[in-house]
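In this note's numbering, the protein residues as written are 387 to 558.
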Amino acid sequence: MLLRDGAHIRIYVVDGMGSGAEANAAADTTLAHLREAGGYDMEVAFDQVHAALRGIRGVALAAAQIDLEQMMLSWSAVGDIDGVLVRNGRISGSLIQKSGTLGLIYDGIRLTSAPLRVDDVIILTTDGISRNYRSDLDATHPISDITSGILRHHGRPTDDRLVLGLRVVAAP
Numbered sequence: 387m388l389l390r391d392g393a394h395i396r397i398y399v400v401d402g403m404g405s406g407a408e409a410n411a412a413a414d415t416t417l418a419h420l421r422e423a424g425g426y427d428m429e430v431a432f433d434q435v436h437a438a439l440r441g442i443r444g445v446a447l448a449a450a451q452i453d454l455e456q457m458m459l460s461w462s463a464v465g466d467i468d469g470v471l472v473r474n475g476r477i478s479g480s481l482i483q484k485s486g487t488l489g490l491i492y493d494g495i496r497l498t499s500a501p502l503r504v505d506d507v508i509i510l511t512t513d514g515i516s517r518n519y520r521s522d523l524d525a526t527h528p529i530s531d532i533t534s535g536i537l538r539h540h541g542r543p544t545d546d547r548l549v550l551g552l553r554v555v556a557a558p
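Structure follows, in structure tokens:
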């Protein structure tokens, strides 16, 4: 899910634990709470999702905030969601995930930040994508080609999978 408020963009990737209706319900509950969270800081959003999911199946969650005025990326994850920042064709940063499952086991977030530049690429993937995508990531292609290539070549056919990609195309 992407939410934009002027020069501020919030990105969320949610992966329900397991599969089926219960996993979908947990993911839907998460997205609803994140929409309602609006301007809350990232830690508050993670805390609220964890509280809302108690007694329901848990989720893995990654969140990224992009500030286009300051050209900064701040991101965090709980559970098995991968993320990379690609600059000049090389991975220049990685999302640091904490172990856990929101709704079940949660011990806070570890928020990291990195400066952004025009033409940087941000990729977020769920655990249905093999981490091998990192070794042949070519960020010179259009973002739709990058994400579809990752899905095609690194998606696990027995798991649900998601790849979200963004390219910074202009600074304010």
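Here a beta-carbon is modelled for each residue, glycine too, at the ideal position from N, C-alpha and C.
Spanning the alpha carbons of I536 and D546 requires a straight line of approximately 14 Å.
Approximately 5 Å separates the beta-carbon atoms of T511 and D468; this is inside 8 Å, confirming the contact. Counting only runs of at least 3 residues, the region 470-511 fully encloses the following beta strand (DSSP E) elements, listed from N- to C-terminal order: 476-480, 498-501 and 507-511. Going by beta carbons, F432 and L488 fall inside the 8 Å limit.
With fewer than 16 other CB atoms across the displayed protein chains lying within 10 angstroms of its CB, L388 is exposed.
Residue pairing for Q451: DSSP places it in a beta bridge opposite R396 and S460. Counted as a single uninterrupted DSSP element, the alpha helix (DSSP H) harbouring R421 occupies residues A407 to A423. For G551, the uninterrupted beta strand (DSSP E) run begins and ends at V549 to R553, by DSSP. Relative to R476, the option among A449, R538, Y519 and M428 whose CA is nearest is Y519. Counting along the chain, R390 sits inside the beta strand (DSSP E) bounded by residues L388 to D391.
Bridge partners of A446 according to DSSP: D401. A distance below 6 Å between beta-carbons, with the five flanking residues on each side excluded, links I397 to the following residues of its chain, in chain order: L388 and A450.
Membership of R538 in the alpha helix (DSSP H) is indicated by the continuous run I529 to H540.
Between V472 and D522, the alpha-carbon positions lie close to 12 Å from each other.
The beta-bridge partner set that DSSP reports for D468 consists of T511. Following the DSSP letters along the chain, one finds A556 in no alpha helix (DSSP H), marked with neither H nor E.
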